[in-house]
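K.L.:
Quick one: the structure is below, questions incoming.
There are 2 protein chains.
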Amino acid sequence: MSAQRKDAVDAIIEQWATVRPDLDTRAMEVFGRIYRLSRAMGDRVEKVYAPYGISRGEFDVLATLRRAGEPYTLSPRQLSSTLMLTTGGMTGRLDKLERAALLRRSPDPHDRRGLQVTLTEKGLAVIDEAVAAGLAAQTAALSPLDDEQADQLADLLRTLLAGTQDSEH
Amino acid sequence: MSAQRKDAVDAIIEQWATVRPDLDTRAMEVFGRIYRLSRAMGDRVEKVYAPYGISRGEFDVLATLRRAGEPYTLSPRQLSSTLMLTTGGMTGRLDKLERAALLRRSPDPHDRRGLQVTLTEKGLAVIDEAVAAGLAAQTAALSPLDDEQADQLADLLRTLLAGTQDSEH
DNA sequence: AGAAAGTAGCTTACTCCTGAGCTACTTTTC
DNA sequence: GAAAAGTAGCTCAGGAGTAAGCTACTTTCT
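If you read the protein sequences in the order shown, they are chains A and B.
Heads up: the first sequence begins at 163 in my numbering, then just goes up one per residue.
Heads up: the second sequence begins at 163 in my numbering, then just goes up one per residue.
Okay, here's the thing in structure tokens:
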């Protein structure tokens, strides 16, 4: 584990070693920390987005539309599959964001079943500020690592992530 | 990014580079992947625990009791703070697990406000099997990395996690 | 062209969590 | 040793997600 300070995951692994020394807990060294980091950073960015009146999930919707580029339009279907959300969940998010006037729903001219979801001026302004604030928070959280370490970490995570996507379904 | 296959996070970062080239998205290379890995592995272990009749949250309760060692007893308060859960949420989990006879609540002899939560025989048997199955799934997911890479990854994550804990509150 | 199959988005019922407030009990303070 | 402050666990209301099922529309097949 190299010469590093012990963290919560080390403590858990030690406890397992005491009560179940037969277990191979090496994978927990990685996934236990990934889980905790995800939760910790989730809480942190949630607080960063709060002043803009949006939750993390709503941020994701606005960000996906923003990334799509002009005219900042996607269908609910595209949004829900990109964000790995059920259509029911997406309906709820869009309802909230539409009520806040951050986006607008309009009929899809080419498919009468479908809708188009478009960022409003206000939505564009909000996401452009919020994304910068969120990135700043993430950049700050990354500061314990130098550039080389951060790159190395990103590469290792990419390898791992690619593996989980492959065997999906 | 080294000679690696592109993943979903690379695609998102490229989109941002097109529409907002001013943004510094390096932190997303790390935290975007941590978020996705956490979700993907959460889904995966959820499926592994399902045959034992427990959810991931319930697994965590049983595992915390198991790790405590004999007599496998903790208070609801200890459990909810270890698992970063509100007391209301813990009440619900304990209700479900008690109904399934995986644990038992009894009065704390030293504090009449308090309770003791104890693993039953059945609970012990279930968690001992489930934890092995869950670890196997995690070990499998880690297989794209060799031992040295896994160690390196764990170290980098530990550094990052330690940083987020410090500035908590 | 008509039937069958597929897709888009919404609704409903349910789950699990949080936050706030409650009662019962314990610890601290003066 | 009585009052104040703190803590333990529970209840309730509200939020946000899923799964399943619905209607409306489109595509595919023959």
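For every residue, glycine included, the Cβ atom is placed at its ideal position computed from N, Cα and C.
How would you write the range of the alpha helix (DSSP H) that Thr-249 of chain A sits in, first residue to last?
P.N.:
Taking the first residue of the first sequence as position 1, residue 249 of chain A is located at position 87. Its alpha helix (DSSP H) spans residues 249-261.
K.L.:
Rank B:Leu-322, B:Arg-188 and B:Gln-300 by C-alpha distance to the C-alpha of Ala-202 of chain B and give the top, closest one.
P.N.:
Sequence index remark: in the second sequence, residue 202 of chain B carries index 40 (1-based). Answer by Cα proximity: B:Gln-300.
K.L.:
Can you list, in chain order, the residues of its chain with a C-beta nearer than 6 Å to that of Asp-172 of chain A? Leave out the 5 residues immediately preceding and following it.
P.N.:
Here residue 172 of chain A is taken as the residue at index 10 of the first sequence, counted from 1. Cβ within range, chain order: n/a, list empty.
K.L.:
Within the present structure, is the beta-carbon of Leu-247 of chain B separated from the nearest heavy atom of the ligand GDP by less than 7 Å?
P.N.:
Judged by which ligands are present, the structure shown has none, so any question about the ligand GDP falls away.
K.L.:
Can you round the beta-carbon distance between Val-337 of chain B and Arg-255 of chain B to whole angstroms, since I take them to be within the 8 Å contact cut?
P.N.:
The first residue shown for chain B is 163 and the last is 331, placing residue 337 of chain B beyond what the model contains.
K.L.:
Kindly identify the DSSP beta-bridge partner or partners of Leu-265 of chain B.
P.N.:
Residue mapping note: residue 265 of chain B aligns to position 103 of the second sequence, counting from 1. Beta-bridge pairing links Leu-265 of chain B to B:Leu-281.
K.L.:
Tell me the DSSP secondary structure of Thr-321 of chain B in three-state form.
P.N.:
Numbered from its first residue, the second sequence carries residue 321 of chain B at position 159. Note: Thr-321 of chain B maps to helix in three-state DSSP.
K.L.:
I believe Thr-282 of chain A touches Leu-265 of chain A by the beta-carbon criterion, under 8 Å. Please report the beta-carbon distance rounded to the nearest angstrom.
P.N.:
By one-based count along the first sequence, residue 282 of chain A stands at place 120. By one-based count along the first sequence, residue 265 of chain A stands at place 103. 6 Å between Cβ atoms; contact.
K.L.:
Does any C-beta atom of chain B lie closer than 8 Å to the C-beta of Asp-222 of chain A?
P.N.:
Along the first sequence, one-based indexing puts residue 222 of chain A at 60. Judged by the 8 Å Cβ criterion, Asp-222 of chain A is not in contact with chain B.
K.L.:
Taking Cβ-Cβ distances below 8 Å as the criterion, which residues of the segment 179-203 of chain A are in contact with chain B?
P.N.:
The segment 179-203 of chain A vs chain B, Cβ under 8 Å: Thr-180, Val-181, Arg-182, Leu-185, Asp-186, Thr-187, Arg-188, Ala-189, Met-190, Glu-191, Val-192, Phe-193, Arg-195, Ile-196, Tyr-197, Arg-198, Leu-199, Ser-200, Arg-201, Ala-202 and Met-203.
K.L.:
Where does Arg-218 of chain B fall in DSSP's three states?
P.N.:
Here the question's residue 218 of chain B lines up with position 56 in the second sequence. Looking at Arg-218 of chain B - three-state DSSP - the assignment turns out to be helix.
K.L.:
Using a C-beta cutoff of 8 Å, does Leu-319 of chain A count as contacting chain B?
P.N.:
Residue 319 of chain A sits at position 157 when you count from the first residue of the first sequence. Output row for Leu-319 of chain A: interface = yes.
K.L.:
Which residue comes first and which comes last in the alpha helix (DSSP H) that contains Glu-232 of chain A?
P.N.:
Taking the first sequence and counting its residues from 1, one reaches residue 232 of chain A at position 70. Taken as a continuous stretch (DSSP letters only), Glu-232 of chain A belongs to no alpha helix (DSSP H), as it is neither H nor E.
K.L.:
Give the interface partners of Pro-306 of chain B over in chain A, defined as CB-CB distance under 8 Å, in chain order.
P.N.:
Residue mapping note: residue 306 of chain B aligns to position 144 of the second sequence, counting from 1. Within 8 Å Cβ-Cβ: Thr-321, Leu-322, Ala-324 and Gly-325.
K.L.:
Between Thr-249 of chain A and Thr-226 of chain A, how many whole angstroms is the CB-CB distance? I'm expecting something under 8 Å.
P.N.:
Here residue 249 of chain A refers to the residue found at position 87 when the first sequence is read from its first residue. Here residue 226 of chain A refers to the residue found at position 64 when the first sequence is read from its first residue. That belief does not hold up - the Cβ atoms of Thr-249 of chain A and Thr-226 of chain A are roughly 15 Å apart, past 8 Å.
K.L.:
Would Thr-187 of chain A be called buried (16 or more neighbouring beta carbons within 10 Å of its own) or exposed?
P.N.:
Here the question's residue 187 of chain A lines up with position 25 in the first sequence. That one is buried.
K.L.:
Run through DSSP, which three-state label would Pro-271 of chain B get?
P.N.:
As a first step, residue 271 of chain B is located in the second sequence; it is residue number 109 there, counting from the start. If DSSP states are grouped into helix, strand and coil, Pro-271 of chain B belongs with coil.
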